[in-house]
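Numbering (our numbering), first residue to last: 35 to 783.
Heads up, the beta-carbon is just placed ideally off N, CA and C, and yes, glycines get one too.
Nothing here was measured: the structure is a model prediction, and the numbers come from that model.
This report concerns only the one structure given below.
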Amino acid sequence: MKAVLLDNSGNFISEQYSKNDGFSFRIIQPKLWNAENPYLYTLKLYVYDENNSISEIMEFKTGIRKFEIDNGIMKLNGKRIVFCGVNRHEFNYKTGRNVSKEDMLWDVITMKQHNINAVRTSHYPNNTYFYELCDRYGLYVIDETNLETHGTWQKMGKVLPDENTIPNDNPKWRENVLYRAKSMFERDKNHSSILIWSCGNESYGGKNIFEMSEFFKNNDNSRLVHYEGVFHDRRYNNTSDMESQMYPSVENIRKFLDENTEKPFICCEYAHAMGNSNGGLFKYTDLAHTEPRYQGGFIWDFIDQGLQAYDRHGREYIAFGGDFNDRPTDYNFCVNGIVFADRTLSPKMKEVKYCYQPVEIICGKDTVKIINHNLFTSTDIYKFIFRLSIDGTETESISMDISVSPLGETVVENPFDKYDKSGDYCITVSYVLKNNVLWAESGFETGFGQYAWNIENNEKINYPVPELIEGDVNIGIKGNDFHILIAKDRAGIVSYKHNGKELLSSVPRPDFWRASTDNDRGCFMPYESAYWKAASLYSYPVFISAMKTDECIEVKTRYILPVYKNSEIFADYKIYGNGEIKIKLYFGNCEEESFMPDFAMVMKMPCEFENISWYGRGKEENYCDRNKGYKIGTYTGKVSEQMSPYVIPQECGNHTDTRYLKVTDSDGEGFIFTSEKMDFSVLPYTSHEIENAGHIYELPVSVSSVVKISAGQMGVGGDDSWGAKTHREFKRKASEQPVFEFTMKPVRF
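Below you can see the structure in the form of structure tokens.
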């Protein structure tokens, strides 16, 4: 045989001859393979027959790299590596497990464009073409043996190994286990992207899996071996070169590393992305920058595993367990991707991209700190763009080159120096590719940072006080171009007409509920906080008073809450001559200790009020524990576009850090809502309608635009979907006496 080595331009480097002893090349100053710069050499093998004629020519792409553990730290080419990873099943919502080359290429490009640098082939070896793409585009791979025996040792969440546990120490399974490892090894061993062999998934422990690990180690010293199962069975703890756990909290990772100093630590599965999820992801990625032996993890998982189906009216939907008359079933428990089943991006992907970004931008009013987390690449490949906006309108934009070496950092001054006008200011610094790469064109934004602040306008405009007409049953308030009707028995606004057009179709009232998410149901939030659903639906309204002052009409109302005894919330209204209503929500006596899913005011507008625009975070939905990847800016949309297509309808469409929201019809009529900072959603359905539907097609025909203005909804959580609760700092109690103020007024144009 003859082996010829070429560089990535096809230039000759060296050649060697051998009969059966293999080949060895000496390369001066080799270009090392890594995910940032996946440099591949070409190796050509010529096989000669007994007549010295060529009988076969084979060509491979190969990279040169070194992967090792050094003093308890995994290192690639001498640098500490952090896996910003995902788990990926081979799946297509139309063809099931049969994925095309186009699917695989889309997956790899999407991962690269969202700063994902690693993938675990859960839970079986993938199509060979996928590894070729990972070699070429640059993704680190954990290649996993096709072995899972979860049901033989873990029952209903309890670890219960017995004589039926497979494979354990039973000698009858030894050859089967080793055969699967050997076949994967022999097929995939030449792929540079594979850094780690995995002995399988959730198959407990024992001698057979230990011997599989020994096979990998004895035959390949260029890779490490992974197996999470030793967490449950420490008899053969050396099966895995690294500590690997599933869904630990950040606190438990810290505690483990404090008590165990031998191995590096990864989460082979974490941040369970089932439904509206991935709250708190930033805590894990922040930990990787402060704890050296925590070296990242793999989100569960990449793509929803749901199948194309049609309802009785011929409308497409994504089907899941139970939709095929299959019982028993896990229902939608295989639908937990950051990509929807039809390969459209879920709103969660923006947060993943931000938390995984290779260059961290920490913006301030005067300076910007740039931290380069790349191991081998300077920031010379990026153009940095500084933008200044006031009230959502960009006023200045400056591009510059900033050179930061790999793993280095620098501080630069903002190029803007005039902040003298009142308004909402925002500095955005983004970095874009200077040149085309395999997975994106020049100008593609890889990451960003922002800083926002407000300079208040203290100028006060006085309007004539509107007219107050008080009757026995209703109260009328009349201005120059608006009429408001307040019903005493409803203790709220039953009508708001502007220029003769009715803007409301229901009474605005306090709201404390959200449509339960998969994570909510998994941690029993609806059970623990069910009082607040009752409070949203059945609070008893009490009209207190209405009076005219020198500035406005003041109306005070009270709601008696069906929660803790004698609980109450007040809603005060101040109505000014320009039609503006200042609303203040605050609790009176309320010692209820369960957490409120929300603290808001909800109202319906007629469905022709379909247009929305806002200044806040967007464009995708975001939540207080999942809002770092969503830029502050000005956005527009349609109410009908706000429902995220989770397979089981649930809370969606929320936006945080909002300064104003407009909801208008085709004529431009409608309301503008403002607050110092608020959440909002405008959906075609109420939260109660949404959570009553088991599929999207079960939702009724929309007849309203449901506007919710919120002090801040609780976070969505996502450490796991079967017990982990939203973190304490992302939820509130009524007993903490929260207060919420906002304004609503008609849009004038």
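When the beta-carbon positions are compared, V541 and A569 stay at least 8 Å from each other.
Secondary-structure assignment with DSSP links G510 through a beta bridge to I503 and L519.
With a cut-off of 8 Å on Cβ pairs, the segment 337-355 is in contact with the segment 369-388, counting three or more such pairs. For F290, there is no enclosing beta strand (DSSP E); the enclosing alpha helix (DSSP H) covers residues V284 to E293. With fewer than 16 other beta carbons inside 10 angstroms of its own, S58 counts as exposed. In chain order, I47 and Y75 place their CB closer than 7 Å to the CB of D41, counting only its own chain and leaving out the 5 sequence neighbours on each side. In terms of CA proximity to G667, T462 leads the group T462, T295 and N514. Pairwise C-beta distances place the segment 178-185 out of contact with the segment 135-150, as fewer than three of them are shorter than 8 Å. When C-alpha distances from L173 are compared across L472, N491, Y530 and K779, the shortest belongs to L472.
Note that the C-beta distance between M635 and R543 is below 8 Å. One thing to note: S744 has its Cβ no nearer than 8 Å to the Cβ of M778. DSSP places E723 inside the alpha helix (DSSP H), whose first and last residues are S721 to E725.
Sequence-distant Cβ neighbours of S736 in its own chain, meaning closer than 7 Å and more than five residues away, are C641, P718 and Y719.
Exclusion of the five residues before and after Y158 leaves N180 as the residues of its chain whose Cβ lies within less than 6 Å of its Cβ. Annotated as proximal: Y82 and I88, with beta-carbon spacing under 8 Å. In this structure K399 touches W487 by the C-beta definition: roughly 6 Å separates them, less than 8 Å. Beta bridge pairing from DSSP links A322 with no other residue. Sequence-distant partners of G330 (beyond 5 residues in either direction) whose C-beta falls short of 7 Å from its own C-beta, in its chain, are V116, F117, C118, G119, I300 and A322.
In the DSSP assignment, T698 forms a beta bridge with N645 and G704.
Collapsing the DSSP output to three states places W231 in a strand.
For P440, the secondary structure class from DSSP, reduced to helix, strand or coil, is coil. N553 places its beta carbon less than 8 Å from that of M308. Here DSSP, grouped into helix, strand and coil, assigns I243 to helix. Taking E501 as reference, the option from I489, N491, N492 and H517 with the minimal CA-CA separation is H517. Residue nearest to E475 within the set I62, E124 and Q147 is Q147 (criterion: CA-CA distance). Shown here, E490 sits in coil according to DSSP, grouped into three states, outside any helix or strand. Annotation note: the segment 572-620 contains no uninterrupted alpha helix (DSSP H) run of length 4 or greater.
Under a 10 Å Cβ-count criterion, T155 is classified as buried, with 16 or more other Cβ atoms of the shown protein chains found around its own Cβ. For S755, DSSP records no beta bridge to any residue. When DSSP assignments are scanned along the segment 113-149, the uninterrupted stretches of beta strand (DSSP E) that are 3 or more residues long and fall wholly within it turn out to be 117-121. Under the three-state reduction of DSSP output, E475 falls in the coil class, being neither helix nor strand. Counting only residues of its own chain and dropping the five nearest sequence neighbours on each side, F316 has a CB closer than 7 Å to the CB of C389 and K662. Per the DSSP secondary-structure output, A525 pairs with nothing in a beta bridge. Exposed is the label assigned to T324, since fewer than 16 other Cβ atoms lie within 10 Å of its Cβ.
Cβ atoms of R660 and N366 stay farther apart than 8 Å, at about 20 Å. Secondary structure of M280 (DSSP, three-state): strand.
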